[in-house]
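Single-structure report; data block below.
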Amino acid sequence: MDKTYLYYPGCTLKTKAKELDAYALQSMEMLGIPCKELDEWQCCGAVYPQATDEIATRLSAARALEEARQKDCDLLTLCSACHHVMKRVNHDIASDADIRMKVNNYSEFETPYAGETKVVHFLEMLRDTIGFAELKKRVLNPLTGRKIGAYYGCLLLRPSNVMQFDDPENPYIMEEFLHAIGAEPVLYSYRNECCGGYVALDDPALVQKVCTKVLHSAEQKGAEVLVTACPLCKYNLTKHDSGDVPTYYFTELLAEALGVKE
Amino acid sequence: MLVCWCGSNIAGTVDINTVVEASKREPGVVYATDYQYMCAEGGQAMVRRAIEEHSLTGIVVSACSPRMHETTFRKAAAAAGLNPYMVEIANIREHCSWVHKDKEVGTEKAVVLMRAAIAKLNLNTPLFPGESGVIKRALVIGGGIAGIQTALDIADAGYEVDIVEKSPTIGGTMAQLDKTFPTLDCAACILTPKMVDAAQHDKITLYTYSEVDEVSGFVGNFSVKIRQKARCINSKLCNGCGDCIEKCPAKKAKSEFDEGLANRKAIYVPFAQAVPNVPVIDQTQCLKFKTGKCGLCEKVCLPKAINFEQQDEIIEKEYGVIIAATGFRPLSPERYGEYGYGQLPDVITSLEFERLMNAAGPTGGALLRRSNGEKPKSIVFIQCVGSRAEPDKGKSYCSKICCMYTAKHAMLVRDKYPNIDVSVFYIDVRTPGKNFDEFYRRAVEQYGVNYIKGMVGKIAEEDGRLRVQGSDLIEDTQIFVDADLVVLATAVEAQASARPLGTMLTASMDQNNFFSESHAKLRPVESPTAGIFLSGVCQGPKDIPETVAQAGAAAVKALGILSKDKLIGNPCIAGPDELLCNGCASCEKVCPYGAITYADKEINDHGHRTTRHVAEINEAICQGCGACTVTCPSGAMDLKGFTNRQIMAEVDAICR
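As you go down the protein sequences, you meet chains L and R in turn.
If you count by our numbering, then the first sequence holds residues 21 to 282, one letter each, in order.
If you count by our numbering, then the second sequence holds residues 12 to 667, one letter each, in order.
Okay, here's the thing in structure tokens:
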């Protein structure tokens, strides 16, 4: 690998979701992916601002993106929410002249930033830089016989024309990942439905309803566990599972398969 | 100069007298007059008289569009002994009087247009069309209902027809259908007699399991290479007993005819009434081809018709006309992940549904769920799957037949199984056709089909059933319908083989790979390429009655050529000045008809003889579009009747 990734962990990965971060770093070291954590990163903003004239909440993402351009690195993300915010803010700056002008006026970068940085999610890195075929060869403890349901949630997939992650209606990248680490992916209908997200604060009953639907659908298809890339999805699902179908971060299973899980 | 009033159509906004008087001052004009209706018999007589009395060498008619009456005035000129290509039309109606309200402005423009036409006429030369012979045989490509009908109509008129069909039998998509709207006739009952008629007609030759490999030539003189794929059966010896099929141990292939819902043997006839009733060996499935062992069919075949050594055969034949009748395929709904087709076994397409309802289908006509073989309690139909869609997912057009076949499906279900609940999601219900809306209303009013205006966002599997999530636009709510079977009304899509065939025929295609007609209203069954005709859905979505009507129309147009001994060409065609041609071949690339070839020729350039690579025009193929003349960088290519000099003279006259 010639290019070093600049890694953007985000707040949750240093607090609530430490294992998502830790297992990812261990696995990358094992796989020999050159990677450096971004200096002095700030919160991505956590929620992508839908208002087109909202500038302030886009600035910290813009700062991380500009930093990656300066270092001539791709920006590597792991948390679904951070990835979503980074990717969309980057797209805004690249495609909307008004937002681009305002972001640059506020930030006063030495060279104006116009969306040059490539934002790469950890799963995309596994697929495109290492390749799932190669990953399969590096697996020491294949998770043979483990029936695992991939839970995408919505932030990685939509809006699909901006995220360009996978088919939003019938995604397959996580299933390919599960194949590579030797597990048996379980396809179930609600794997790309929203977990309820931040509505948990406002209307917990609604979140319980949608999470139960997701868990029930996975369980019926024979999933023993779910994997996700999103701390919020994990929080919501874990809160509402009855212990039958626990949710893990996909990096934990990766570390286990690669034999680096401590 | 003959100026027409067209009643008040022209005279209302153009001062006719000013135009007549102005024309008299133009170079070459010896006589000018006007008349109320120049196209009427009196006007035409006036044209003839003017030519004769004044010994005119050319005439300009200032009147309506040349698309309207150019032919009329050319005929009148010819009757008076003038070369018909010495007639020019100045369009002072569509291009002038109809678009202007101010008489002064209209008159000024009419004068300018008249001047341009005179400038062009001064450079006209008499043109003489060429002649070519006609081979009295037609080729029909595609053996569905469209191709069969066209072939029968041509054959009944007494001309030979060959049908080339890529699958082992004729019949096409219609043979797969159960019932037909709006009369609910059984599709096979009305189609199979026509298939037999085609097979038994002494003027029709069937080439099934065959494809067109190569086409060359031009109207009246096409030469075609047909690849008859190896059936591995000697068709002349086979008696169609079917013993070979019974004994064949390889039974895992998916039946194309049953849309993959049932298996077939490696040696097979697609369905019981196939024409011809001669099996085919699928070499990808046959154990003899895969392992070298088996040959059971060969052992049981009494007439010794099995021939594993058989090779593809190339048949070369000549035709006067070619009719494209390649039909369609239903679009595959795999790009619509939200419907789960391919993952959820109880989500099927409409054509699959036809097979499930068909008494000769994989379930013997019993409507059963694909997942567990049980009878469904609730069925949801979804219309416009891939039709009227975003371009990245489906087709922008309306597939035209889905509203009606979905109403048919819904009605048939309710008729046969009154306990099954049936819902239909639709964007609009479109039923323009004889007895069509009455049919749809029967589905709603008499059969109690629940029509929901709205689209479906997701189909999820829940507790062994399908949960259909959609919008109800009339109630303005999100709704959920539980179903045991979901049927997707998939869009009509051109065959994948249509575009390559279009290239072979040099017939133009639209952006959806349907064959383009020559004129959307007035020449709907003719391709812009002379001698190529269009039959059925290959030109655009159609139902069966429309397909049959168009098939007949294509036959009549084809007969118009077949019945002639000689074809008179259009003399307004391109030709190169060989001294100027630099051999760059730009014209060959832009020619949409394949009329231009390059050859080494000996050129006599003022006594200096050299061999050069220069363009050649096939005059029978050239349609005179002029694409080559504007492409040619050295100005060597010119279009007779529209030479570069003539067009520049028109521009000069307008700018004067």
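Beta carbons are placed, not taken as given, at the ideal position from N, Cα and C, and that holds for glycine.
Distance, residue j Cα to residue i Cα
| i | j | result |
| --- | --- | --- |
| Met-21/L | Met-48/L | Unreliable positioning characterises Met-21/L in this predicted model, as indicated by a pLDDT of 48, which lies under 50. A coordinate reading is not provided. |
| Ala-88/L | Ile-463/R | 51 Å |
| Gly-169/R | Ala-162/R | 11 Å |
| Ala-418/R | Phe-450/R | 8 Å |
| Cys-598/R | Met-415/R | 47 Å |
| Gly-646/R | Cys-595/R | 12 Å |
| Gly-23/R | Glu-105/R | 13 Å |
| Thr-248/L | Cys-409/R | 40 Å |
| Met-648/R | Thr-640/R | 5 Å |
| His-104/L | Asp-186/L | 13 Å |
| Ala-203/L | Ala-277/L | 9 Å |
| Glu-189/L | Cys-107/R | 55 Å |
| Tyr-268/L | Gly-384/R | 37 Å |
| Asn-135/R | Met-12/R | 15 Å |
| Asn-369/R | Pro-603/R | 45 Å |
| Thr-8/L | Pro-69/L | This structure cannot speak to residue 8/L, because chain L is shown only from 21 to 282. |
| Thr-44/R | Glu-537/R | 39 Å |
| Leu-26/L | Pro-54/L | 9 Å |
| Gly-465/R | Leu-484/R | 5 Å |
Simplified DSSP state of residue i, which is helix, strand or coil
| i | result |
| --- | --- |
| Asn-161/L | coil |
| Arg-166/L | coil |
| Thr-501/R | strand |
| Gly-468/R | strand |
| Trp-16/R | coil |
| Ala-210/R | helix |
| Ile-431/R | coil |
| Lys-328/R | strand |
| Cys-602/R | coil |
| Tyr-255/L | helix |
| Val-311/R | helix |
| Asp-474/R | coil |
| Lys-190/R | strand |
| His-530/R | strand |
| Cys-549/R | helix |
| Gly-253/R | coil |
| Gln-47/R | coil |
| Asn-274/R | strand |
| Phe-392/R | strand |
Beta-carbon spacing of residue i, residue j below 9 Å
| i | j | result |
| --- | --- | --- |
| Val-122/R | Val-30/R | yes |
| Cys-549/R | Ala-585/R | no |
| Lys-236/R | Ile-326/R | yes |
| Val-280/R | Gly-251/R | yes |
| Ala-209/R | Val-291/R | no |
| Ala-560/R | Ala-336/R | no |
| Lys-240/R | Asp-323/R | yes |
| Val-332/R | Leu-573/R | yes |
| Arg-60/R | Arg-667/R | no |
| Lys-212/R | Ala-149/R | Checking the displayed sequence, the identity of residue 212/R turns out to be His instead of Lys. Taking 9 Å as the Cβ cut-off, His-212/R and Ala-149/R do not qualify as a contacting pair. |
| Leu-79/L | Ser-115/L | no |
| Ala-10/R | Val-40/R | Nothing can be reported for residue 10/R: it is not among the residues displayed for chain R, which extend from 12 to 667. |
| Ala-74/R | Ile-27/R | no |
| Ala-509/R | Ile-334/R | no |
Distance between beta carbons of residue j and residue i, contact taken as under 8 Å
| i | j | result |
| --- | --- | --- |
| Glu-349/R | Gly-468/R | 6 Å |
| Ser-178/R | Tyr-220/R | 7 Å |
| Lys-577/R | Glu-32/R | Their Cβ separation, rounded to whole angstroms, is 46 Å, which puts Lys-577/R and Glu-32/R out of contact at 8 Å. |
| Val-245/L | Tyr-210/L | 16 Å between Cβ atoms; not a contact. |
Bridge partner(s) assigned by DSSP for residue i
| i | result |
| --- | --- |
| Gly-348/R | Paired residue(s): none; Gly-348/R is not in a bridge. |
| Gln-461/R | Here residue 461/R turns out to be Asn, not Gln, going by the sequence shown. Asn-461/R is bridged to Ser-434/R. |
| Lys-56/L | Leu-26/L |
| Leu-298/R | Bridge partners of Leu-298/R: none, in fact. |
| Arg-238/R | Glu-222/R and Ile-325/R |
| Pro-281/R | In the DSSP output, where bridge partners are listed per residue, Pro-281/R has none listed. |
| Ala-596/R | In DSSP, Ala-596/R forms no bridge with anything. |
| Lys-419/R | In DSSP, Lys-419/R forms no bridge with anything. |
| Lys-265/R | Asn-274/R |
Interface partners of residue i on chain B, CB under 7 Å
| i | result |
| --- | --- |
| Glu-385/R | Among the protein chains of the structure shown, namely L and R, there is no chain B. |
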